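Under my numbering, think of the first position of the sequence shown as 702, with each following residue one higher. Every residue gets a Cβ at the ideal spot worked out from N, C-alpha and C, and that includes glycine. On a predicted model such as this, the values are computed, not experimentally measured, just so you know. Heads up: the structure comes next, in structure tokens.
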Amino acid sequence: MAETVRTFIAIELPPHVRQFLADCQQRLKRAGGDVRWVRPDLVHLTLAFLGGVPADMLADVEAAARQAAAGFGPLSLRVQGAGRFPPRGLPRVIWIGIDELSGRLAELQKALAAATAAFAEKVEGRAYAAHLTLGRVRSPRGGRDLSGAVDAMSGQTGPTFEAREVTIFKSDLSPQGPAYTALARIALAHGGGN
Ligand code: ATP
Ligand code: MG
702 MAETVRTFIA
712 IELPPHVRQF
722 LADCQQRLKR
732 AGGDVRWVRP
742 DLVHLTLAFL
752 GGVPADMLAD
762 VEAAARQAAA
772 GFGPLSLRVQ
782 GAGRFPPRGL
792 PRVIWIGIDE
802 LSGRLAELQK
812 ALAAATAAFA
822 EKVEGRAYAA
832 HLTLGRVRSP
842 RGGRDLSGAV
852 DAMSGQTGPT
862 FEAREVTIFK
872 SDLSPQGPAY
882 TALARIALAH
892 GGGN
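Here is the structure:
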């Protein structure tokens, strides 16, 4: 069988945003709960998850992503709010939201997902919601207090940043946690008004 590479496309976060996320985690940790927190330096904004891609197709994925992103310029993003999936009952995922006012982030996400769908192991059926995964809940222990602490953050406004590129990542999962390796960086360098 051909070797496959676990692949996703994401926007990386600058240090001041990672620091904000670390602060959010510290506050939430005080609430208790049984959570596997994502290391702040590994948090990113996923735009498209492709799963296992045959290694010999990665160049085609990159070409398709480059073409999809070609019309896009830098995006102004703002960290905003916090929440949980699912929104009611015991949480499974704790996240921090991302706002982008022009609608270009949603367009970029759609374009990248559509351009790379043919290479994806499994195409995501759900509507896209921009979020940063802060932690994954391991068990129901302390879930109610955790939910309360997350909800108390739902109105918060965080730092802003500019995304100037998207990155195609390889993900290697292990019991020690995931390791991400950048395979390609694609500039959002279109000069036009966006
Ligand atoms: P782990 O799986 O060990 O918790 P991880 O989720 O960070 O680590 P991956 O599973 O390789 O690592 O996922 C890489 C990125 O793609 C993450 O941002 C993850 O949230 C996202 N992702 C993973 N699976 C899916 C999926 N089925 N649909 C949408 N996004 C996904
Ligand atoms: Mg995962």
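query: If we count the other Cβ atoms within 10 Å of its Cβ and call it buried at 16 or more, is T708 buried or exposed?; result: buried
query: Would you report the Cα separation of T747 and L714, rounded to the nearest angstrom?; result: 11 Å
query: Decide if S875 is buried, meaning its Cβ has at least 16 other Cβ atoms within 10 Å, or exposed.; result: exposed
query: Below 8 Å on the Cβ atoms is my guess for E704 versus I869; work out the distance and round it to an integer in Å.; result: With a Cβ gap of about 17 Å, E704 and I869 do not count as contacting.
query: Kindly list the residues whose CB is nearer than 6 Å to the CB of E822, restricted to its own chain and excluding five residues on each side of it in sequence; keep chain order.; result: G752 and G753
query: Where S777 and R845 are concerned, what is the direct C-alpha to C-alpha distance, given to the nearest angstrom?; result: 34 Å
query: For F750, which residues of its own chain have a beta-carbon under 6 Å away from its beta-carbon, when the five flanking residues on both sides are left out?; result: F709
query: Where do the ends of the alpha helix (DSSP H) carrying Q810 lie?; result: R805 to T817
query: With a threshold of 7 Å (Cβ to nearest heavy atom), would L874 be considered close to the ligand ATP?; result: yes
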